[in-house]
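Notes for the one structure printed next.
Chains as they are written, first to last, in the numbering used here: chain A, 80 to 238; chain B, 312 to 737.
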């Protein structure tokens, strides 16, 4: 069985829409129980999450908790929720077998709050596993194509 | 340049020890003239943290970074000596080093090719004609060394004032706390791979206040504590949240620290069930080693207490669920840059290192469950100051009437501001 770019893109756009619309509970449900959601250090996209200091290193429990936290008023950085939009492009399928597909893409994310718009330029390596008519995410590794988190200062949203 | 702050009997602050009221003028956070004076009187006079010796573990290793607003190269020269020089060519001023870190015997200015060795000495320039014999031979065209550099327990500091007092004298009582950090390893501490470089749209002093503020934890970080409670085994099993207690101490020269019971796991060395049986064994071994090296009482203090350490003016070492070395500097009166590193024993067990990094980014990182909320609070403060010249004063009085301050009082901030006040009037 061969996965097509169109069906992959449909899934990525669906995920992006859940994030942009702050449907964080539906977003976390897209992941497998052995999933990881990572932002490695900018200097080394292939760094080992068990030894290096990452920006995000979530297992399934922590990404679920991230989703829960972002729905609370006490997640102050995101109350009220900022306005978020993901732009996804340059989608490439780089490997696949019958059940899994590795997809790489670029994404630009805009976050607007209190009249300041921050831009996050990223490239993403995502490993998807077939799940009925759709997919689940086994690994999402977001690389910041920026040498620092300045002037954004934080990643309080889901990239 | 006059400092546009209301001068009273206590200087720029109001330090009323009868009424137990301590006030700081909000204009100190919003005025470009105040920042210009701080650059001269504070960043130009105080010892500033620049790097950790572990980042320069062999000859010709270097790092380049901004320290107190100036662009520096810190290197270990061919003979193994630490050097600090300004990252600017002696010819026309271009930066000679464009990498954050690396290993090189030479720094070659990309503009005209002037070449300097890892001690900052000029070794070569490509033109043969146009200069008299001996023009370069007296060291006059070497890179300019930072006037003072010194280390304490592998923490490298620089000072732009040639006449500054010795580092150890400057650090005063803070050496006791730096010792506790350095003593967590038998062979030496190291900066681990990956650092956090971020920013805040706030005045730099707001982050100093925030970095050892026990009072804000239960409100600003309510969602972090919710998370810990929903995560099996991440709290000490016998932990009672109303029993953090602790103390705050003035360490002299504007430095201060709070020290209190750690409710969470500490890589050196307090195990929590989340770390599993492997983690328990590794941490028990760490504790036994600490007792051997330091005796039971000091070992217990190192292992089980949290410490948030403020070293005037802009170094924070938080020895909590991980160990952060955090420094920050103003870019403008309303914008700061942060550099934060994770410090760990070089010999650390892989299982413990894993939880250290996991803990660090969870609480201390710019995408964690706490720091983004701190950034939000500080930016709300900075924006709130737009109301000047109305509400003019911040209140930092908590604990002022008490003989001993706890970790959720505000002595640590008063200690900073009293020193700031003194230096700004010098």
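Cβ coordinates follow ideal geometry from the N, Cα and C atoms, glycine included.
Within-8 angstroms CB hit, residue i to chain B
i: residue 232 of chain A; result: yes
i: residue 185 of chain A; result: no
i: residue 240 of chain A; result: Because chain A is modelled from 80 through 238, residue 240 of chain A falls outside the range shown and cannot be assessed.
i: residue 154 of chain A; result: yes
i: residue 144 of chain A; result: yes
i: residue 227 of chain A; result: yes
i: residue 135 of chain A; result: yes
i: residue 114 of chain A; result: no
i: residue 140 of chain A; result: yes
i: residue 126 of chain A; result: yes
Whole-number beta carbon distance between residue j and residue i, since they are thought to touch under 8 angstroms
i: residue 457 of chain B; j: residue 383 of chain B; result: 6 angstroms
i: residue 515 of chain B; j: residue 639 of chain B; result: 6 angstroms
i: residue 663 of chain B; j: residue 594 of chain B; result: 7 angstroms
i: residue 459 of chain B; j: residue 473 of chain B; result: 7 angstroms
i: residue 453 of chain B; j: residue 433 of chain B; result: 5 angstroms
i: residue 703 of chain B; j: residue 336 of chain B; result: 6 angstroms
Any C-beta of chain A under 8 angstroms from that of residue i
i: residue 672 of chain B; result: yes
i: residue 645 of chain B; result: no
i: residue 362 of chain B; result: no
i: residue 512 of chain B; result: yes
i: residue 676 of chain B; result: yes
i: residue 718 of chain B; result: no
i: residue 505 of chain B; result: yes
i: residue 686 of chain B; result: yes
i: residue 541 of chain B; result: yes
i: residue 748 of chain B; result: Given that chain B is displayed from residue 312 to residue 737, the structure contains no residue 748 of chain B and the question cannot be resolved.
i: residue 648 of chain B; result: yes
Contacts that residue i makes with chain A (C-beta to C-beta distance below 9 angstroms)
i: residue 661 of chain B; result: 129, 130
i: residue 668 of chain B; result: 128, 129, 130, 131, 132, 133, 136
Residue i: contacting residues in chain B (beta-carbon distance under 7 angstroms)
i: residue 235 of chain A; result: 683
i: residue 159 of chain A; result: Simply none; closest approach about 11 angstroms.
Contact set for residue i: own chain, Cβ-Cβ below 7 angstroms, skip 5 residues either direction
i: residue 109 of chain A; result: 94, 215, 216
i: residue 350 of chain B; result: 380
C-beta atoms of residue i and residue j nearer than 8 angstroms
i: residue 621 of chain B; j: residue 613 of chain B; result: no
i: residue 238 of chain A; j: residue 505 of chain B; result: no
i: residue 523 of chain B; j: residue 723 of chain B; result: yes
i: residue 154 of chain A; j: residue 534 of chain B; result: yes
i: residue 318 of chain B; j: residue 325 of chain B; result: no
i: residue 358 of chain B; j: residue 481 of chain B; result: yes
i: residue 494 of chain B; j: residue 605 of chain B; result: yes
i: residue 708 of chain B; j: residue 721 of chain B; result: yes
i: residue 98 of chain A; j: residue 234 of chain A; result: no
i: residue 633 of chain B; j: residue 584 of chain B; result: no
i: residue 546 of chain B; j: residue 586 of chain B; result: no
i: residue 727 of chain B; j: residue 568 of chain B; result: no
i: residue 666 of chain B; j: residue 544 of chain B; result: no
Own chain residues within Cβ distance below 6 angstroms of residue i, not counting five before or after
i: residue 184 of chain A; result: 167, 169, 170, 203
i: residue 686 of chain B; result: 511
i: residue 679 of chain B; result: 672, 673
Same chain only: Cβ atoms within 8 angstroms of residue i, ignoring 5 sequence neighbours per side
i: residue 196 of chain A; result: 189, 190
i: residue 151 of chain A; result: 158
i: residue 392 of chain B; result: 430
i: residue 607 of chain B; result: none
Neighbour list for residue i in chain A, Cβ cutoff strictly below 7 angstroms
i: residue 680 of chain B; result: 148
Interface partners of residue i on chain B, CB under 9 angstroms
i: residue 151 of chain A; result: 533, 534, 537
Residue i: contacting residues in chain B (beta-carbon distance under 8 angstroms)
i: residue 118 of chain A; result: 678
i: residue 123 of chain A; result: 504, 505
Cross-chain neighbours of residue i in chain A, by beta carbon under 8 angstroms
i: residue 526 of chain B; result: None at all; the shortest Cβ gap to chain A is about 16 angstroms.
i: residue 509 of chain B; result: 227, 228, 229, 231, 232, 233
i: residue 653 of chain B; result: 132
Proximity test, residue i beta-carbon vs the ligand NAD heavy atom, cut-off 7 angstroms
i: residue 344 of chain B; result: With respect to the ligand NAD, the structure shown offers nothing to examine, as it has no ligands at all.
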